[in-house]
Amino acid sequence: MAKYYDTLLGEYIKNPGVRGLSLDKLALKNDNYEMISYDQVTNKKKLNFKEVELDSAAIYSAEDVYITNQIFLQHKEEGTTDIKILNDIELPLLEVLMNMELTGVHINRDTLKGIGLLLENEIDSLEKTIIHEAGEEFNIKSPKQVGEVLFEKLGLPKGKKTKTGYSVSADVLGELSHEFPIAQNIVDYRHYSKLQSTYVEGLLDLLDDNELVHTSYNSAVTTTGRLSSTKPNLQNIPSSHGIAGEIRSAFVSRFENGIIMAADYSQVEVRLLAIMSGDENLLGAFKNEIDIHHKTAEFIFPGSTITNNERKIAKAVNFGVIYGISGFGLSKMLGINMKDAKIYIDKFYENYPKVREYLDNTIKNCEEKGYVETMFGRRRYLPSINDRNSIIKSAANREAINMPIQGTNADIIKIAMIKIAEFLKRNSLKSKMIMQVHDELVFDVIPEEKEILKTEIKIIMENIVQDIPIPLKVDIESGLSWKEAK
DNA sequence: GCGATCAGCC
DNA sequence: AGGAATGCTGATCGCG
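Residue numbering for the first sequence follows our numbering, starting at 27 and increasing by one per position.
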């Protein structure tokens, strides 16, 4: 039993994805009690809390404490405080996350600034080219204006629509790029601008005097049990090659001769699909350490030597199944026609028959019980699973299919984080766990601890789940920066 | 202030 | 018949 309780986490575990878990909303919902609003306390003046008169500040604060306790008592009564996943995972993890946030992540300011200069040059020159090609000044960052220039002034062929007009997204512009260079230039301009504003400027703004950023991990927002990360979001740092990949080269150790070590679960969601469905073909592939995308490709394209493109298609199918894909979704994703996409998906199910069985059962079960759950018992309620509107129903089907897989992955890595934090503490190690990116943990490591960490972290992460037909596999890489640790 | 669009990651 | 990938956060535009 943890030394503390958290009413927010209790509410989240009861029903993840419910909007409005704030104290005032819960008080209103549960006890029809209307709490004092911040506006009331300040008389609608924009005051700092320390500027609020003491008497009213005291009442306002006491009310928070009182309501929190009311919710706690209610959680005890209804049994929420006994929920296993709350006690075994969420509450212990809270302390681990707090320490990661306080520890921070070291980012080299000069490296980031250097990337910023490169980007600035690219952006400036692309802007000039685009304006020249357009024959008029306009704001390239405005989808509306881009649409007017491309489709009205220049008369390029229009593609798919949005609520407000014609789409100018990257896949639409990509279609046009062969014939019209301006389309590719706008895609590139957006790419570099995104890197500049979100990653270079965004991260620089949040660096403290020690060149550390302290993210906030939110453990009560996602519907599946995943964490999220804000200010900065460290879970969407670019990972591709080129200038984008350089952002990760700024993520370096804080220690003298230190290294960055990344441990990631290999193919974890497909492995979990194999384990949870019990499909012999899928399990067999992992047992024999066969490249799973290649294996699926052999089923989809029988009798031929598998090309890179065929493997890419198979990979999209493998992931698509986990996301509850439709033929249309896959065809759009891959830019192929819907008939072929349907054939590929059918081939997948034909050759992994128990996967289909498992997914059908998942949906059927959800229709009866109203919820789906992970291997560890984390639940998600999906009332729309029985909706008569087919669009809503299909969306619920996809969510029902995805949650147990994505959520089990989230459970596993959270347990691993708790165990690794214990291990680091028990052995008084100086190295730090600094980031979590859904199936990856990142560490800032002092050189003397490199080998023991590498060994122990792998053992801990691979042994979270017992009695499974195939092992979970963890790859560990390290280098002078996060970019090199992969 | 907020919805819409776009783009980054798993 | 039509709509159509799971889960997130952030920057920017442009309307009100």
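Yeah, the Cβ is synthetic: ideal placement off N, Cα and C, and Gly gets one too.
- The stretch 239-249 makes contact with the stretch 30-50; the number of CB pairs closer than 8 Å reaches 3 or more.
- Between Leu47 and Leu34, the C-beta spacing is below 9 Å.
- Around Val67, the same chain offers Val78, Ser82 and Tyr86 as residues with beta carbons nearer than 6 Å, after the five sequence neighbours per side are excluded.
- The C-beta distance from Gln432 to Leu253 rounds to 12 Å, too long to fall under 8 Å, and the pair is not in contact.
- By the Cβ neighbour-count rule, Ile483 is buried, with 16 or more other Cβ atoms within 10 Å of its own.
- Between Pro258 and Thr241, the beta carbon gap of about 6 Å places them in contact (Cβ cut-off 8 Å).
- Rounded to the nearest whole angstrom, the C-alpha separation of Leu128 and Glu148 is 36 Å.
- Distance from the CA of Phe345 to the CA of Ala84, rounded to the nearest whole angstrom, comes to 53 Å.
- When secondary structure is reduced to three states using DSSP, Glu488 falls in the helix class.
- Distance from the CA atom of Asn283 to the CA atom of Asp470, rounded to whole angstroms, is 11 Å.
- Just measuring C-alpha positions, the residue of Tyr243, Asn262 and Gln222 sitting nearest Ile269 is Gln222.
- Burial state of Leu117 is buried, judged by a 10 Å Cβ sphere holding 16 or more other Cβ atoms.
- From the listed residues Leu408, Gly105 and Arg274, the smallest Cα separation to Val44 is found for Leu408.
- Counting C-beta atoms within 10 angstroms of its own C-beta, Val343 has 16 or more neighbours from the protein chains shown and is therefore classed as buried.
- A Cβ-Cβ separation of about 7 Å places Trp508 in contact with Ala288 under the 8 Å criterion.
- In this structure, the CA atom of Asn56 is about 19 Å from the CA atom of Tyr31.
- DSSP places Gln462 in the strand class (E or B) of the three-state scheme.
- Listed in chain order, the non-local C-beta contacts of Asn307 below 7 Å within the same chain comprise Asn377 and Tyr378, local neighbours out to five positions each way being set aside.
- Given a length threshold of 4 residues, each whole run of the alpha helix (DSSP H) inside the stretch 122-182 is given here in chain order: 135-160 and 169-173.
- Here Ile109 has Ile39 as same chain residues with Cβ atoms under 7 Å from its own Cβ, once five neighbours each way along the sequence are excluded.
- For the pair Pro183 and Phe177, the Cα-to-Cα distance works out to about 7 Å.
- Secondary-structure assignment with DSSP links Leu467 through a beta bridge to Ala289 and Gln462.
- Here Asp290 really is in contact with Asp465; their C-beta atoms are around 6 Å apart, less than 8 Å.
- Of the residues assessed, Arg216 falls on the buried side of the cut-off, its CB having 16 or more other CB atoms within 10 angstroms.
- For Asp501, no alpha helix (DSSP H) encloses it; the enclosing beta strand (DSSP E) starts and ends at Val500 to Gly505.
- Annotated three-state conformation of Arg280 is coil, per DSSP.
- C-alpha of Glu121 to C-alpha of Leu112: approximately 13 Å in a straight line.
- Phe75 and Leu199 have their C-alpha atoms roughly 49 Å apart.
- The Cβ-Cβ distance between Asp114 and Ile318 does not fall below 9 Å.
- The Cβ neighbour count for Met459, taken over all protein chains shown within 10 Å, is at least 16; the residue is labelled buried.
- By the criterion of a C-beta distance shorter than 8 Å, Ser63 is surrounded in its chain by Asp50, once the five residues flanking it on both sides are discounted.
- Under the three-state reduction of DSSP output, Ser87 falls in the helix class.
- Membership of Asn335 in any beta strand (DSSP E) is not indicated; the residue belongs instead to the alpha helix (DSSP H) covering Asn334 to Ile348.
- The stretch 325-332 and the stretch 361-381 touch, with three or more beta-carbon pairs separated by less than 8 Å.
- Per DSSP, Ser219 is one residue of the alpha helix (DSSP H) stretching across Pro207 to Lys220.
- The Cβ atoms of Arg280 and Leu309 do not sit closer than 9 Å to each other.
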